[in-house]
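Numbers 5 to 211, taken from this note's numbering, label the letters of the sequence shown in order.
All C-beta atoms, glycine included, are put in the ideal place defined by N, C-alpha and C.
See structure below.
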Amino acid sequence: MRYDGILFEKIRCSKFKDALELPILFSFKTRKVSEKEMIAYSFLPPEIEKLLEGREFLILEPFNGGRFNIVKAYAQELKDGECKIVIEEDSSKDRRLFERFSFCPEEVGEFKLQRKDRVIRQVYIFDMSLKGIKLFLKGQRKGVVKRGEFLTLIQEKKVITVKVLWDEERRDGLLAGCEVVKTNFNIMKFIMDHYVSHVKELLLQNA
Numbered sequence: 005m006r007y008d009g010i011l012f013e014k015i016r017c018s019k020f021k022d023a024l025e026l027p028i029l030f031s032f033k034t035r036k037v038s039e040k041e042m043i044a045y046s047f048l049p050p051e052i053e054k055l056l057e058g059r060e061f062l063i064l065e066p067f068n069g070g071r072f073n074i075v076k077a078y079a080q081e082l083k084d085g086e087c088k089i090v091i092e093e094d095s096s097k098d099r100r101l102f103e104r105f106s107f108c109p110e111e112v113g114e115f116k117l118q119r120k121d122r123v124i125r126q127v128y129i130f131d132m133s134l135k136g137i138k139l140f141l142k143g144q145r146k147g148v149v150k151r152g153e154f155l156t157l158i159q160e161k162k163v164i165t166v167k168v169l170w171d172e173e174r175r176d177g178l179l180a181g182c183e184v185v186k187t188n189f190n191i192m193k194f195i196m197d198h199y200v201s202h203v204k205e206l207l208l209q210n211a
């Protein structure tokens, strides 16, 4: 039987000095050893098991009606592409594992915020989902955007229209949580392209 798993990997962002948690999705086949132990093999993507050894991660166990149980597990004894997995405990059914995909802002690149009266530069994406986005406006302070305001973000040919839901001042700028109203590009492809790039880099580092 093939299971799906999720490993949360901390990534350091060079310019912004922030640590992000990137959820890495993978799958594997198993041979049961006991009620709480099994041997995992045939990992996808290949080599992902090298990130698992000695780490805690989550397993998604199929549940009734297409739902799943979320189980905490621990990987050990990695050898020849196989490892022993020890089940630790059950978690709640269908719990939201992560709401958004996080990015190192410098890797996604700078956007400019277009307004009627001015253009604000050095705007970056911290995290993003299909419906929401968290922005970092470097060097800006409270009051530069207002809750309920509609903003237009531009990066070359990419255009995103968002509605500001909240804002929070930080030492070096302003965070703004926004609803995605409209884009002229495929958000899922945008997220997955950056996600795949992160995972490839991690696997190369551990090759």
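Would residue i be called buried (16 or more neighbouring beta carbons within 10 Å of its own) or exposed?
| i | result |
| --- | --- |
| Q80 | exposed |
| A23 | exposed |
| G177 | buried |
| R100 | Per-residue confidence for R100 stands at a pLDDT of 47, beneath the threshold of 50, marking its modelled position as unreliable; no derived number is given. |
| E53 | buried |
| E205 | exposed |
| K138 | buried |
| F189 | exposed |
| M212 | In the structure displayed, the chain extends from 5 to 211; residue 212 sits before or after that span and is not available. |
| L48 | exposed |
| P50 | exposed |
I need the boundaries of the beta strand (DSSP E) containing residue i, first residue and last residue.
| i | result |
| --- | --- |
| F32 | A23 to K36 |
| E41 | E41 to L48 |
| V184 | G177 to T187 |
| K138 | G136 to K142 |
Considering just the uninterrupted stretch of the alpha helix (DSSP H) at residue i, what are its terminal residues?
| i | result |
| --- | --- |
| Q201 | This sequence places Ser at residue 201; Gln is not what is there. S201 -> alpha helix (DSSP H) spans I191 to Q209. |
| L56 | E53 to L56 |
| V112 | P109 to V112 |
Please check the pair residue i and residue j, which I expect to be a contact at CB under 8 Å, by giving their CB distance rounded to whole angstroms.
| i | j | result |
| --- | --- | --- |
| D131 | R151 | Incorrect: roughly 19 Å between the Cβ atoms, too far for contact. |
| G124 | V148 | A small correction: the amino acid at residue 124 is Ile; Gly does not occupy that position in the sequence shown. Indeed, because the Cβ distance is near 7 Å, the residues count as touching under 8 Å. |
| F115 | Q144 | With a Cβ gap of about 13 Å, F115 and Q144 do not count as contacting. |
If you compare alpha carbons, which of the options is closest to residue i?
| i | options | result |
| --- | --- | --- |
| V163 | L117, M196 and K204 | L117 |
| S133 | Q209, Y7 and G181 | G181 |
| L179 | L56, L155, V166 and L141 | L141 |
| V166 | Q126, T156 and S18 | T156 |
| L82 | K76, V90 and V75 | V90 |
Looking at residue i: is its Cβ nearer than 8 Å to the Cβ of residue j?
| i | j | result |
| --- | --- | --- |
| I10 | H202 | no |
| S106 | E25 | yes |
| V184 | G136 | yes |
| S31 | R59 | no |
| A44 | E86 | yes |
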